[in-house]
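Trainee:
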């Protein structure tokens, strides 16, 4: 696991062992190496990232990380960072189409053609039923 910003680089190596007995699964994490992450915080961060990656697939959790108005490119970047993979633009937009509402607003002072701004659709789950 690597965490970084403009000022710091933190990392950890975590050994994960998953055991399944019948219907019960158990995951144990062991910190093998930690650089700049104190105590058991690397395990906590790793678990939080796993939960976020799972929840982003079937909930609106990513919108909690977005401003009230955003571009689809900004939203896609959030998904890509969380999932740690590049997403195809067309597939991503198709997937989140019901989750967003187009506004009549555009980006300002972007240095290029203004992009449309969108907002979260709180009734998105109703559209899929």
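In this note's numbering, the protein residues as written are 1112 to 1240. Using N, Cα and C, we set each Cβ at its ideal position, and we do this for glycine too.
(1) Could you spell out where the beta strand (DSSP E) holding residue 1132 opens and where it closes?
(2) Bridge partners for residue 1217 per DSSP, in chain order?
(3) Keeping to the same chain, check which residues put their C-beta closer than 7 Å to that of residue 1181; ignore five residues upstream and five downstream.
(4) What is the rounded straight-line gap between the Cα of residue 1232 and the Cα of residue 1143?
(5) Assuming residue 1125 and residue 1153 make a contact with CB atoms under 8 Å, what is their CB distance in whole Å?
(6) Would the segment 1134-1149 and the segment 1116-1124 be scored as touching if the rule is three or more Cβ pairs under 8 Å?
(7) Helix or strand or just coil, what does DSSP make of residue 1180?
(8) Roughly how many angstroms separate the alpha carbons of residue 1114 and residue 1178, rounded to a whole number?
(9) Can you name the residues that DSSP bridges to residue 1140?
Mentor: On the basis of the supplied data:
(1) 1120-1132
(2) 1227
(3) Closer than 7 Å at Cβ, skipping near neighbours: 1228 and 1229.
(4) Roughly 42 Å separates the two Cα atoms.
(5) 6 Å
(6) yes
(7) In this structure, residue 1180 counts as coil in the three-state DSSP scheme.
(8) 22 Å
(9) 1127
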